Each structure stands twice: as structure tokens, then as C-alpha cells.
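Position in the sequence shown (first residue = 1) + 6 = the working numbering. Quick notes on the structure that follows.
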Amino acid sequence: MKINEIFKSIQGETSYAGLPCTFIRITGCNLRCNYCDTIYAYEEGTEMSIDSILENIDSFKSRLVCVTGGEPLSDKDAPSLVKKLLNKNYTVLVETNGSYDIGSIPQKAVKIMDIKCPDSNMSRLMHWQNINHLTKLDEVKFIISSRRDYEWAKEIIRKYGLSEITNVLIGTAFGTISSRTVVQWILEDNLDVRFQLQLHKYIWEPQTKGV
Ligand code: SF4
7 MKINEIFKSI
17 QGETSYAGLP
27 CTFIRITGCN
37 LRCNYCDTIY
47 AYEEGTEMSI
57 DSILENIDSF
67 KSRLVCVTGG
77 EPLSDKDAPS
87 LVKKLLNKNY
97 TVLVETNGSY
107 DIGSIPQKAV
117 KIMDIKCPDS
127 NMSRLMHWQN
137 INHLTKLDEV
147 KFIISSRRDY
157 EWAKEIIRKY
167 GLSEITNVLI
177 GTAFGTISSR
187 TVVQWILEDN
197 LDVRFQLQLH
207 KYIWEPQTKG
217 V
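Below, the structure is given as C-alpha cells:
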């Protein structure tokens, strides 16, 4: 597999935010979101066998592992890697952009799936059937850049009954709309969602890699 980086940090997002976590960033992504902060993961990376990835992960001694990218499912071997991590009793989060069929991700992994809003310019590429694979173990994430994105997300949450199916996260694209504004909208609308900040961008400089 082509791996961009493996590092230990705290999980900056999702309902696992704040927990120590080892990250495996797989090289490659089929999307090009307007606000992408991991452009360096599109091409750069080193070939590693699954066994050497597992050895590397063991050395960090964290029970929580996040498989991310780029887009992990752009690598056909990602589901096997996730399965082997689960077999070693890691809690495994898989962050995916929502454009691939997530049915290949093992059931016991926690799927953290983006639903790309219009301002990302990628919403037309969502694989909507993925919603059928989501459970209460999983999370969907909307990244908002504008009022238009917020209204769109609200409509998608309503249309698919997402809050009943899974955990719904709303965050902002860094440097676009103010978090306070989006939180006010959520409160006014009584949305059954969790607002999230990208914690790592407040702890370290926003452009820092490997955190
Ligand atoms: S899916 Fe993620 S890695 Fe791919 S372009 Fe969008 S933000 Fe960047």
C-alpha cells in the first residue's frame, strides 16, 4: 500500500475528539474539495506491506487507530488493513469521503463518512446508497462553508432521517464561515447534531502536517 504518513496525535474531530490516536494516512484521493487541507496526500507516499504497517502501529501503543487519507478507499487493500487492525483488537475509525461504496469496510470499524456540501464542488460525486450501510456506531460529517451549505445539509439530514440512523456532525471549513454563526443556526433550528471544531488546528498551527 502507498502510505503518506503514520503518526500519533490526538483525534481532532468526531465524537472521538481529544483521544490519543494513531493515524494511517493512505496516499491518493479521487476528489478535489475546495477546502482540502491534505493536498500533500494526493501523490506523496512510500510503499509499505500491510505487515510493516501493523508493526509500525503496534510501536505507538495506542488502542485507537484512524485510517484516513487522502481517501482510504482509493486503495483496494484498505478493507484488508482495517480487518487486520480489528483482529488485533484495535478500535478502528475509517474516515472516508463518501464517494466510494463503503460496504467493503468491515462492520466492526467505525465509519466516519463525509457528505460533501455544494461549496466543496464535490457533492455530485456522493454515493448516496452508502446511507444504507450506516449504523449508530458510525458518523456522518458535513463541512459547512456558507449559509447555502448549511441549508443544504439541513435538508439532507431531514430527507434521509440521518439523526435517527447515525451520529451527525457539523463543522466548518477552516477560514470560511465563523463557527459561532453556524452554532447559532443549529440552536435556532434545534438540529439534532453535534457541532465539531478541528481541535488539532487550534492546538498546532493550522498547516502543520503529522498532527
Ligand atoms: S476528500 Fe478529503 S483528501 Fe480528498 S480532496 Fe476532499 S478534503 Fe481533500
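Glycine included, each C-beta is placed from N, C-alpha and C at the ideal position. Owing to the predicted nature of the structure, the values given are computational and were not obtained by experimental measurement.
Original post:
Comparing the CB of Cys-72 with every heavy atom of ligand 1, is any distance shorter than 8 Å?
Top reply: Result no, Cβ not under 8 Å from ligand 1.
**OP:** May I ask you to report which of helix, strand or coil DSSP gives Arg-69?
**Re:** The answer is coil: DSSP assigns Arg-69 none of H, G, I, E or B.
Original post:
Cα-Cα, which of Ile-162, Lys-82, Pro-85 is closest to Asp-120?
Top reply: Comparing Cα positions, the closest option is Ile-162.
Original post:
Which class does Glu-61 belong to by DSSP, given the choice of helix, strand or coil?
Top reply: Shown here, Glu-61 sits in a helix according to DSSP, grouped into three states.
Original post:
Pick from Phe-66, Asn-196, Ser-151, Lys-207: whose alpha carbon is nearest that of Asn-127?
Top reply: Selection Phe-66, Asn-196, Ser-151, Lys-207 evaluated against Asn-127 yields Ser-151 as nearest (Cα-Cα).
Original post:
Where do the N-terminal and C-terminal ends of the alpha helix (DSSP H) with Ser-169 fall, by residue?
Top reply: Boundaries of the alpha helix (DSSP H) harbouring Ser-169: 168–171, taken from the DSSP string.
Subject >> Proximity to Ile-183 [Cα-Cα], best of Asp-125, Thr-141, Ile-137, Lys-89 >> reply: Of Asp-125, Thr-141, Ile-137, Lys-89, the residue nearest in Cα terms is Asp-125.
Subject >> Cβ pair Lys-8, Glu-53 closer than 9 Å >> reply: When the beta-carbon positions are compared, Lys-8 and Glu-53 come within less than 9 Å of each other.
Subject >> Residue burial classification, Pro-26 (beta-carbon count within 10 angstroms, cutoff 16) >> reply: Using a 10 angstroms sphere on the CB of Pro-26, the tally of other CB atoms stays under 16, which defines it as exposed.
Original post:
Any heavy atom of ligand 1 closer than 8 Å to the CB of Met-132?
Top reply: No, since every heavy atom of ligand 1 falls outside the 8 Å radius drawn around the Cβ of Met-132.
Original post:
For Ile-45, is the beta carbon positioned less than 8 Å from some heavy atom of ligand 1?
Top reply: Placement of the Cβ of Ile-45 at a distance of less than 8 Å from at least one heavy atom of ligand 1 is found.
**OP:** Would you mind working out which of Leu-99, Lys-207, Lys-82, Gly-34 sits nearest Thr-28, comparing C-alpha positions?
**Re:** That would be Leu-99, whose Cα lies nearest to the Cα of Thr-28.
Original post:
Would you report the Cα separation of Lys-114 and Leu-92, rounded to the nearest angstrom?
Top reply: Cα to Cα, Lys-114 sits roughly 7 Å from Leu-92.
**OP:** Look up Asp-120 in the DSSP assignment and give the residues it is bridged to.
**Re:** Residue pairing by DSSP places Asp-120 opposite Lys-147 in a beta bridge.
Original post:
Is Tyr-106 near ligand 1, going by C-beta to nearest heavy atom under 8 Å?
Top reply: Outside the cutoff, so no.
Subject >> Rounded C-alpha distance that separates Asn-103 from Trp-158 >> reply: Roughly 17 Å separates the two Cα atoms.
**OP:** Pair every Cβ in the region 172–179 with every Cβ in the region 193–201, then say whether three or more of these pairs are closer than 8 Å.
**Re:** The region 172–179 is in contact with the region 193–201.
Original post:
Does any heavy atom of ligand 1 sit closer than 8 Å to the C-beta of Gly-177?
Top reply: Short note on Gly-177: C-beta not closer than 8 Å to any heavy atom of ligand 1.
**OP:** Under 6 Å Cβ to Cβ from Lys-94, same chain only, skipping five residues before and after it: list those, please.
**Re:** Around Lys-94: no qualifying Cβ.
Subject >> Element boundaries [beta strand (DSSP E), containing Thr-187] >> reply: Premise fails: Thr-187 lies in the alpha helix (DSSP H), 185–195, not in any beta strand (DSSP E).
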